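Trainee: Every letter in the sequence shown is one number past the one before it in the working numbering, and letter 467, counting from 1, is 1188.
Dropping the structure in here first, questions after.
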Amino acid sequence: MAVIGKIRKHSVILLVIVAVALLAFILGDFVRPQNKHLSEFIIIGKDKINYYDYLDQYNYYSDLLKKNGSENVEAEANDYTFNEMVDSIIVNNQASPLGIMVTAEELRDLMAGEKPHPYAQRFFGGPEGNYNMQLAQGFLDNMDQYDSASVANYLYIEKLVEKETYRNKYLNLLAKSFYTPKVFAHKAQEENGMKALVQTAQISYSHELVSDDKIKVSEEDLKKWYEENLYRFPQDNELRNIEYVIFEIKPSERDLQEIETEVREKYAQFVESETPQLFVNTLIDSRFDSSFFKQNELPAHIDTLLFNAPIGTFVEPFIDGDYWIFAKLLATESRPDSLHVNFMFIANEGMQNAPRKKEEAKLLVDSAFLALINGQAFYDVANQFSDVKPDPQNDSLRVWLEDGSDQIFFDRSTAQEFFDTLSNFMPGIMTRYESELGTWIFILNHKTAIEKKIQVAMGKKLIEASTETFDNIESAANNFVNGLDAYEKFDKKVTESNLNKRSFERLTAMAYNIPGITGSAREIVRWAYDEQTEKGNVSNVFNLNNMFVVASLKDIYPKGHMALDQVRSFVESMVKRDKKAEILTKNINASLAKTKDIHQLATQYKSTIDTVNVSFSDRNFGHYGPEAGLIGKIFAQKANQSLKLFKGDMGMYLVNVMKIDIPSSLQVDKNQGNSAEMFNQQQSMMYQSKIQNSAMPALRKLYKIEDNRYKVF
């Protein structure tokens, strides 16, 4: 007992020590000197982006995407943040030495001038997009009078406009730098005008003389061709291949029976309940929603049975997706869908920095009300009395209130409370609404058409695996992975356990989705790219959304060039093609030594003779497909010479050049000169388009970019 007493006396000290130890443990990775991935989160040449700056920008974009209802917030916010921050540094490094800048006057004109940037036009245009230059200039001149959120939003938009303008100036400089000398333009036009008429017979690489079963390819053949053609296989990013098995967490037959029994018991109680709203709230998976719903807004089965039914009608339990549902019709009303209002808010003491007593606030409310009744302009009254000042971004205190909205305002009032209060009034009515923290003044401008709506109490029960079933599935996953320390063992056990093995090839470090895995798969991707994960490693069990997953890292393909295994099938097809070409060349040349008659040769090799009109600028050779190399060889010949054999991509070709038309080179008359000028303009436009689409990816390749996002996200 004495020992316990001493411990109690020093319990505060012990708690402090434990807390400090826990904090040090949690933050250890972040403060270690060797852990550079926070301060050097992204490296672009000699420039660095630290984690915290990146996170601020990422969070901002995430909030925007959530407000816009994006389904892939994390991935989109990550891509947008990375592209914006990296490209901004690269453009600055490229453009700054050239003296490119955006002046303060230019920026103000872009934000509040006669021809504003589209971002500024939207910011100062309100919900209806009507840009007001006076409002914009007034905002810039009196920014200190606006709330901090509006100012912060404006400054962010202004920064975006400045960056985009700066970037466009640099890209326009690149685009305008293109020029085709007239001699080159004339030469290009001459080549475009080159035409030939040829007689040809194709001996395809699928010919019986060179069928696949007659072609032998060795590993040395593959390696030789691969090394000679390595330039064909650039790989800008490291890639990894994984294989994985999924243990889905699904309810057992016993679970399904028990869930149905429970639902039917709850439904019987629901039918007897005098307060179905409260009963619904006692269920784990249900919360009573007091909203009124239009037709086709509720689950189809409920909508069909209740929309025209008498009040008090029940819907027996049924399955809808992952839920059992039952319901009761509580009320019907004719209500508008939305209300459009002007509003102002006058705060009591302590709210919105209001230095006034409640009685003083009431006097302000009465004064504002009287001013509005006497016909004073709403915005003038709001500027004088309201503690929420007009904001150019949301059109100065005008808003749509929607029936069923879950929006909550800063004083903890809800949009639904406002809607229920105002929906019974006619447009043009002005009224006030008292909340705990202040008074709202509303003018009802417009309300949508009245529609029939119903209020329903719905009970729900999620159809899910029981704790016992969950534990059994988790045990199966753990038993599977137990003792697996290499890919070969993983692969063997998958077969022995009769499991469905899946694969994902060319997995990137910032991938978010893996086939068959619901939700984000970032945890698996981070494991696959962890510096400690080696080829052949097998993961622990991942507990993801409604499933357990075990993965094995099958292959690692470093940045630089694709490995032979990645392109093996393509390389093998090319080696076979070359070997077939060698055999056919030997055989056909032997035949050519005996006869130059294309008809006899076509018959001998079971081919047909075609006459093809071809231009030097063509990519395809007649109906045979892409044969750029063959077309080039044809125009290196002279007309009416002996029959020639050429190797093509699709087969071997016997070619008899019957006619070649090559325009005169540098004899340029007026029409040719105009045509050359048009060609120059076309090339310039193509180049400008290419700059807009390809300049930034090309510039990124000039910089050594080290991206460590995968270690954190």
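Glycine included, every Cβ here is placed at the ideal spot set by N, Cα and C.
Because the structure is a prediction, the values reported are computed rather than measured.
Counting Cβ pairs, one atom from each stretch, are 3 or more of them under 8 Å apart for the segment 1141 to 1155 and the segment 993 to 1000?
Mentor: Contact fails: fewer than three Cβ-Cβ distances are below 8 Å.
Trainee: Alpha carbon to alpha carbon, what distance is there between LYS1301 and TYR965?
Mentor: One-based indexing of the sequence shown puts residue 965 at position 244. One-based indexing of the sequence shown puts residue 1301 at position 580. For TYR965 and LYS1301, the distance between alpha carbons rounds to 40 Å.
Trainee: Rank VAL1102, ASN1264, SER1134 and VAL1333 by C-alpha distance to the C-alpha of ILE1164 and give the top, closest one.
Mentor: Taking the first residue of the sequence shown as position 1, residue 1164 is located at position 443. For the residues VAL1102, ASN1264, SER1134 and VAL1333, the minimum Cα distance to ILE1164 belongs to VAL1102.
Trainee: Note down, in chain order, each residue of its chain lying with its Cβ closer than 6 Å to the Cβ of ASP942, except the 5 sequence neighbours on either side.
Mentor: In the sequence shown, counting from the first residue as 1, residue 942 sits at position 221. Answer for ASP942: VAL1296, listed in chain order.
Trainee: Spell out the partners DSSP gives LYS1168 in its beta bridges.
Mentor: As a working mapping, residue 1168 is identified with position 447 in the sequence shown. According to DSSP, LYS1168 bridges with LEU1060.
Trainee: So GLY859 is in the alpha helix (DSSP H); what residue range does that whole segment cover?
Mentor: Residue mapping note: residue 859 aligns to position 138 of the sequence shown, counting from 1. Per DSSP, GLY859 belongs to the alpha helix (DSSP H) from 854 to 862.
Trainee: Can you tell me where the alpha helix (DSSP H) with ARG985 in it begins and where it stops?
Mentor: On the sequence shown, position 264 is the one that residue 985 refers to. Note, ARG985: alpha helix (DSSP H), 974 to 993.
Trainee: Would you call GLN1403 buried or exposed, if buried means 16 or more other Cβ atoms sit within 10 Å of its Cβ?
Mentor: Taking the first residue of the sequence shown as 1, we reach residue 1403 at position 682. Exposed is the call here.
Trainee: Give me the Cβ distance between ILE1238 and LEU1265, rounded to the nearest whole Å; I'm assuming they're in contact under 8 Å.
Mentor: The count along the sequence shown starts at 1 and reaches residue 1238 at position 517. The count along the sequence shown starts at 1 and reaches residue 1265 at position 544. Going by Cβ atoms, the distance from ILE1238 to LEU1265 rounds to 6 Å, so yes, they are a contact pair.
Trainee: Measure the CB-CB distance between PHE899 and SER1405 and report whether it falls below 8 Å.
Mentor: Position 178 of the sequence shown holds residue 899. Position 684 of the sequence shown holds residue 1405. Yes, the pair counts as a contact, with Cβ atoms nearer than the cut-off.
Trainee: Counting only the same chain and skipping the five closest in sequence on each side, list residues whose C-beta sits under 6 Å from that of GLN755.
Mentor: In the sequence shown, residue 755 corresponds to position 34, counting from 1. Below a pLDDT of 50, predicted positions are generally treated as unreliable, and GLN755, at 45, falls in that range; no measurement from the model is reported.
Trainee: Output the distance between the C-alpha atoms of HIS838 and MET832, rounded to the nearest integer angstrom.
Mentor: As a working mapping, residue 838 is identified with position 117 in the sequence shown. As a working mapping, residue 832 is identified with position 111 in the sequence shown. Each residue's Cα considered, the two are about 6 Å apart.
Trainee: List the residues that DSSP assigns as beta-bridge partners of VAL1259.
Mentor: In the sequence shown, the residue the question calls residue 1259 occupies position 538. BP columns for VAL1259 point to SER1273.
Trainee: Beta carbon of ALA1068, beta carbon of ASP1108: below 8 Å?
Mentor: For the purposes of this step, residue 1068 is taken as residue 347 along the sequence shown, with counting starting at 1. For the purposes of this step, residue 1108 is taken as residue 387 along the sequence shown, with counting starting at 1. Yes, the Cβ-Cβ distance between ALA1068 and ASP1108 is below 8 Å.
Trainee: Grouping DSSP H, G and I as helix and E and B as strand, with all else coil, what is ARG843?
Mentor: By one-based count along the sequence shown, residue 843 stands at place 122. ARG843: helix per DSSP, three-state reduction.
Trainee: From this set, ALA825, VAL812, LEU1274 and LEU1205, which residue's C-alpha is nearest ARG888's C-alpha?
Mentor: Indexing the sequence shown from 1 puts residue 888 at position 167. Selected option, being the one with the closest Cα: VAL812.
Trainee: Measuring CA to CA, which of PHE954, PHE1090 and LYS897 is closest to GLN1409?
Mentor: For the purposes of this step, residue 1409 is identified with residue 688 of the sequence shown, where counting begins at 1. Ranking PHE954, PHE1090 and LYS897 by Cα distance to GLN1409 puts LYS897 first.
Trainee: Report the residue from PHE1139, SER1134, MET806 and MET854 whose alpha carbon sits nearest the alpha carbon of ASP1428.
Mentor: The residue labelled residue 1428 in the question sits at position 707 within the sequence shown. Measuring from the Cα of ASP1428, the nearest candidate turns out to be MET806.
Trainee: Between which two residues does the alpha helix (DSSP H) carrying TYR1374 extend?
Mentor: As a position in the sequence shown, residue 1374 is number 653, starting the count at 1. Premise fails: TYR1374 lies in the beta strand (DSSP E), 1372 to 1382, not in any alpha helix (DSSP H).
Trainee: Can you find at least 3 beta carbon pairs, one from the segment 1355 to 1373 and one from the segment 1312 to 1328, that sit closer than 8 Å?
Mentor: As far as the Cβ criterion goes, the segment 1355 to 1373 touches the segment 1312 to 1328, which means the pair count is three or higher.
Trainee: DSSP three-state label for PHE1047, please.
Mentor: On the sequence shown, residue 1047 is found 326 positions in, with the first residue counted as 1. The answer is strand: DSSP assigns PHE1047 an E or B state.
Trainee: State the Cα-Cα distance for the pair GLU1255 and LEU1274, rounded to the nearest angstrom.
Mentor: Within the sequence shown, residue 1255 is the residue found at index 534, counting from 1. Within the sequence shown, residue 1274 is the residue found at index 553, counting from 1. Computed Cα separation, rounded: 7 Å.
Trainee: When DSSP builds the beta bridges, which residues end up paired with ARG1119?
Mentor: One-based indexing of the sequence shown puts residue 1119 at position 398. Paired residue(s): ASN1063.
Trainee: Return the first residue and the last residue of the alpha helix (DSSP H) that MET806 is part of.
Mentor: The sequence position of residue 806 within the sequence shown is 85, counting from 1. 794 to 816 is the extent of the alpha helix (DSSP H) around MET806.
Trainee: Per DSSP, GLU1054 is paired with what?
Mentor: In the sequence shown, counting from the first residue as 1, residue 1054 sits at position 333. For GLU1054, which the question treats as bridged, DSSP gives the partners LYS1174.
Trainee: Buried or exposed for SER1260, please, with buried defined as at least 16 other CB atoms from any protein chain shown within 10 angstroms of its CB.
Mentor: Taking the sequence shown and counting its residues from 1, the one referred to as residue 1260 is at position 539. So SER1260 ends up on the buried side.
Trainee: To which residues does DSSP link TYR1100 through a beta bridge?
Mentor: Taking the first residue of the sequence shown as position 1, residue 1100 is located at position 379. Partner(s): none; TYR1100 has no beta bridge.
Trainee: Alpha carbon to alpha carbon, what distance is there between SER760 and VAL752?
Mentor: In the sequence shown, the residue the question calls residue 752 occupies position 31. In the sequence shown, the residue the question calls residue 760 occupies position 39. Model confidence at VAL752 stands at a pLDDT of 39, short of 50, so the residue's coordinates are unreliable and nothing is read from them.
Trainee: Taking the continuous beta strand (DSSP E) assigned at LYS916, which residues delimit it?
Mentor: Within the sequence shown, residue 916 is the residue found at index 195, counting from 1. Element bounds for LYS916: 916 to 925.
Trainee: To the nearest angstrom, how far is it from the Cα of LYS880 to the Cα of ASP800?
Mentor: Residue 880 sits at position 159 when you count from the first residue of the sequence shown. Residue 800 sits at position 79 when you count from the first residue of the sequence shown. Rounded to the nearest angstrom, the two C-alpha atoms are 19 Å apart.
Trainee: DSSP three-state label for VAL752, please.
Mentor: Here residue 752 is taken as the residue at index 31 of the sequence shown, counted from 1. Unreliable placement is indicated for VAL752, whose pLDDT of 39 sits below 50; no coordinate value is reported for it.
Trainee: In its own chain, which residues sit with a C-beta less than 8 Å from the C-beta of LEU977, not counting the 5 before and 5 after it?
Mentor: Locating residue 977 in the sequence shown gives position 256, counting from the first residue. Correct list, in chain order: ILE1184.
Trainee: When the Cα of LYS1280 is compared with those of ASP957, GLU1054 and ARG1243, which residue comes out closest?
Mentor: For the purposes of this step, residue 1280 is identified with residue 559 of the sequence shown, where counting begins at 1. Measuring from the Cα of LYS1280, the nearest candidate turns out to be ASP957.
Trainee: Apart from the five residues just before and just after SER1328, which ones in its own chain have a Cβ nearer than 7 Å to its Cβ?
Mentor: Translated into the one-based positions of the sequence shown, residue 1328 becomes position 607. Contacts found: ALA922, GLN923 and ILE924.
Trainee: At the level of alpha carbons, what is the spacing between ALA1230 and TRP1248?
Mentor: Against the sequence shown, residue 1230 aligns to sequence position 509. Against the sequence shown, residue 1248 aligns to sequence position 527. Rounded to the nearest angstrom, the two C-alpha atoms are 10 Å apart.
Trainee: Following the continuous beta strand (DSSP E) through ASN1334, name the residue where it begins and the one where it ends.
Mentor: For the purposes of this step, residue 1334 is taken as the residue at position 613 of the sequence shown. Its beta strand (DSSP E) spans residues 1330 to 1336.
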